[in-house]
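Under full-length UniProt numbering, the first residue of the sequence shown carries the number 1, and numbering increases by one thereafter.
First comes the structure, then the notes that go with it.
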Amino acid sequence: MCRGREEEDRNQIDLNQQPLDDDDDEVSGHRNMNTIICELCSSKASLYCEADDAFLCRKCDKNVHGANFLAFRHVRCLLCSSCQNLTVLYISGSSFKMVLGAGRRSSHRDSKADEECSKFAKKTTTLSV
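Spelled out as structure tokens, the structure:
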């Protein structure tokens, strides 16, 4: 997906904008500095598309990857709902029905963080037909 001029405009810094506090959270309606947002609508991202190099929410993902047969084939990685790191769950197509699994990140094995969330490494899985 080509973002061109729109992406350039988004990346410019607004010096009049108030900085976000680290203490803000989703419950109070404010975003934490660590929250990954959708690159199209600025809501909380739920997946990452490596082909587009974009974090997207489910609604925008459905619009983008349902647009044509080329985008439809992109394999996207789901983000952990608690820490928003990449997981081992992958989808392809315009819906969340097809989920593929892959290996776990070795640095996350046997750690307390592994019990609390699903932090995993990005690893593409290929299917043979």
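Think of the CB as a built atom: it goes at the ideal place given N, C-alpha and C, for glycine as much as any other residue.
Everything numeric in this text was worked out from a predicted model, so none of it was measured.
What are the boundary residues of the alpha helix (DSSP H) that includes residue i?
i, result
"Cys49", "Counting along the chain, Cys49 falls outside any alpha helix (DSSP H), though it belongs to the beta strand (DSSP E) covering Leu47 to Cys49."
"Leu70", "Phe69 to Phe72"
"Asp61", "Arg58 to His65"
Just tell me which of the options has its CA closest to the CA of residue i.
i, options, result
"Arg73", "Tyr90, Cys57, Lys59 and Leu79", "Tyr90"
"Asn63", "Leu40, Gln84, Leu78 and Ala51", "Leu40"
"Tyr48", "Gly93, Cys83, Leu79 and Cys60", "Leu79"
For residue i, which three-state DSSP category applies?
i, result
"Met89", "The residue you asked about is not Met; residue 89 is Leu in the sequence shown. Reduced to three states, the DSSP call for Leu89 is strand."
"Gln84", "coil"
Opposite residue i in the DSSP bridges: which residues?
i, result
"Val75", "Ser92"
"Ile37", "Lys44"
I need the straight-line Cα distance from residue i to residue j, nearest angstrom please.
i, j, result
"Thr87", "Leu70", "24 angstroms"
"Ile37", "Asn68", "24 angstroms"
"Cys60", "Asn34", "20 angstroms"
"Asp52", "Cys83", "22 angstroms"
"residue 141", "Gly66", "The first residue shown for the chain is 1 and the last is 129, placing residue 141 beyond what the model contains."
"Cys77", "Lys44", "15 angstroms"
"Glu50", "Val75", "8 angstroms"
"Ser81", "Phe55", "13 angstroms"
"Ser42", "Ser92", "22 angstroms"
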